[in-house]
Structures are given as structure tokens and as C-alpha cells.
Amino acid sequence: MIGTTDPRPLSPREAVALQRDLASRVVRRTRSRTIRHVGGADVAVLPERRLALASIVVLTFPELEVVESSEGAAPLDFPYIPGLLSFREMPAILAAWARLTVRPDVLLCDAHGVAHPRGFGLASHLGVALDLPTIGCAKSRLFGTHRLPAAAKGRSVPLRHPQDGSVLGAVVRTRTGVRPIYVSIGHLVDLPFAVRTVLRCARRFRVPEPTRLAHLAVTAARRAAECRRSP
């Protein structure tokens, strides 16, 4: 079986089997409630070059001051298939992770964790691979059902499994009157801790500051790469 730090199997069928196997390794309790540094990770792709770019931004917590940012790149060796994005995007994140000198105590991913058809989205895959507390913090729903939370910032409702009703995550308002985001356990955190951490990282914007800054960084990296390729 392919190791957890190499998320690229030979086929989509192998990828699904690997997710089902590794989902049992997710730890749904918080290893440490002390956070000195929080990170955010995001990925952008250059399809014409078959390349994925990733940025990780590390901030102090709770001040949210940037202390480090790193970038990584990796070939796009896996097709785009919803529910299997970790096999396409995680190699670039691992490359960015390897360049960090300040490692965050918890990493927010612009992706899902256990709020996933097989309970093993990118945030969980990354957490298990790195033995790192991770939180899924996605802008849209992949799996599950929910009611709408009240409009005020900080309000949330459960995201539930459509068959058995078990709780997969939380649908959280990070700003009053703004569309909610989807928070789920990645690895080595519990859901209340994940929700509290996301809300403490959400300042002026819908997206928490770590993933917002990672998105800005990787978008700039993608534009720079596109400019370098232009005649």
C-alpha cells in the first residue's frame, strides 16, 4: 500500500481504497490546545503546464501576524476528480511544508477534512501524513446536509451525514449576514476546538486570515509563473 506521505496512487480506484483505509487513522480529539502559530494552506493549478502550486502562510496566534510564507510546486499527476483532490494537490503542499522553518501548531486547509464521502478529505490526509493538527475550512459543501445558521457572526449548525445523521462538521458564520463556511475535523482536533480556532482567525473577511493570506500568496505565485511563460 502506498505510504501516507505519497498521496499519488496508480489509479482513482486505488485512491478511493487508500482513503477508506486511512480514514480510520484520523484522530478526532485535540492533541494540544496551546497554539502559538497557526498556518493556512492553499493550492492553485497551471493546467496548461500540468503544475500545482501551493502556499503556506504561518502567523502568530492570536495576534495573526505573519512570520513566514513558503511556496512549493509539484506536477499534476492525478486527474481532477471531486473527493480525490488530495491526490492532485497534496504533493505541492508537502513541497511548501518542507521549506518552512517555523512549523504551525495547527494548519487550516482550504479543503474538507472528515466532511467527505469517505471521511478523508485533503485536510485529514495532510494531517495523517504529517502527524499534524489540521482543520478543514472550505468555502463550499462537498458532502452532507444542513440547515442555514442564524445570520450573526459565530452562529453555526451541524453538517450531518445524509444517511445516518452523524455530525461531519459545522456550518459557521464568520461574518454577520455573509455566506457561511464549512468547518470539519482534519486530524488531531475535535470539532468545537476547530470551530473556535476558525472564528478566532476570522477578522474582517469571510475566510479566516491564514487561508485568506495563503490564497493571496498562491494566486500571486500563479500569476508570476504565467507571466514568466508569456512571450
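Here our numbering is used: the first residue of the sequence shown is 17, the next is one more, and so on. Don't be surprised by glycine CBs; every beta carbon is placed ideally from N, CA and C.
Assigned secondary structure, residue i (DSSP; H/G/I helix, E/B strand, else coil)
i	result
residue 51	coil
residue 102	helix
residue 69	strand
residue 197	strand
residue 108	helix
residue 27	coil
residue 205	coil
residue 168	coil
residue 40	helix
residue 61	strand
residue 174	strand
residue 82	strand
residue 92	coil
residue 32	helix
residue 76	strand
residue 184	strand
Close-in-space but distant-in-sequence residues of the same chain around residue i (CB under 6 Å, 5 per side omitted)
i	result
residue 218	190, 224
residue 88	70, 108, 111, 112
residue 222	190, 191, 194
residue 36	134
Residue environment, residue i, which counts as buried when at least 16 other CB atoms sit within 10 Å
i	result
residue 97	exposed
residue 153	buried
residue 52	exposed
residue 209	buried
residue 192	exposed
residue 147	exposed
residue 125	buried
residue 184	buried
residue 181	exposed
residue 26	exposed
residue 179	exposed
residue 93	exposed
residue 150	buried
residue 127	buried
residue 220	exposed
Any non-hydrogen atom of the ligand FAD within 8 Å of residue i CB
i	result
residue 122	As presented, the structure is devoid of all ligands, the ligand FAD included, so that no description of it is given.
Same chain only: Cβ atoms within 8 Å of residue i, ignoring 5 sequence neighbours per side
i	result
residue 83	53, 74, 75, 76, 118
residue 121	48, 50, 51, 52, 53, 54, 77, 149
Neighbourhood of residue i by C-beta, 7 Å cutoff - its chain only, sequence neighbours within 5 removed
i	result
residue 144	20, 38, 41, 42, 203
residue 116	72, 74, 84, 86
residue 211	172, 186, 188, 199
residue 90	68, 107, 108, 111
residue 66	91, 92
residue 6	The displayed coordinates of the chain run from 17 to 247. Any statement about residue 6 would go beyond what the structure contains.
Test: residue i CB closer than 9 Å to a CB of chain C
i	result
residue 58	No chain C appears in the structure shown, which is made up of a single protein chain.
Worksheet item: Do the segment 151-165 and the segment 181-197 meet, that is, are 3 or more Cβ pairs less than 8 Å apart?
Response: yes
Discussion item. Whether or not the segment 105-112 and the segment 38-45 are in contact is what I'm after, with contact meaning three or more pairs of Cβ atoms, one per stretch, closer than 8 Å; do they touch?
Written reply: no
Practice prompt. List in chain order: all unbroken alpha helix (DSSP H) runs of 4+ residues lying wholly within the segment 119-164.
Written response: DSSP runs (the alpha helix (DSSP H)) wholly in the segment 119-164: 138-146.
Worksheet item: When the Cβ atoms of the segment 165-178 are set against those of the segment 227-234, are three or more pairs found closer than 8 Å?
Response: no
Discussion item. List, from N- to C-terminal side, the beta strand (DSSP E) runs of 3 residues or more that fit wholly inside the segment 209-238.
Written reply: Within the segment 209-238, no complete beta strand (DSSP E) segment of 3 residues or longer occurs.
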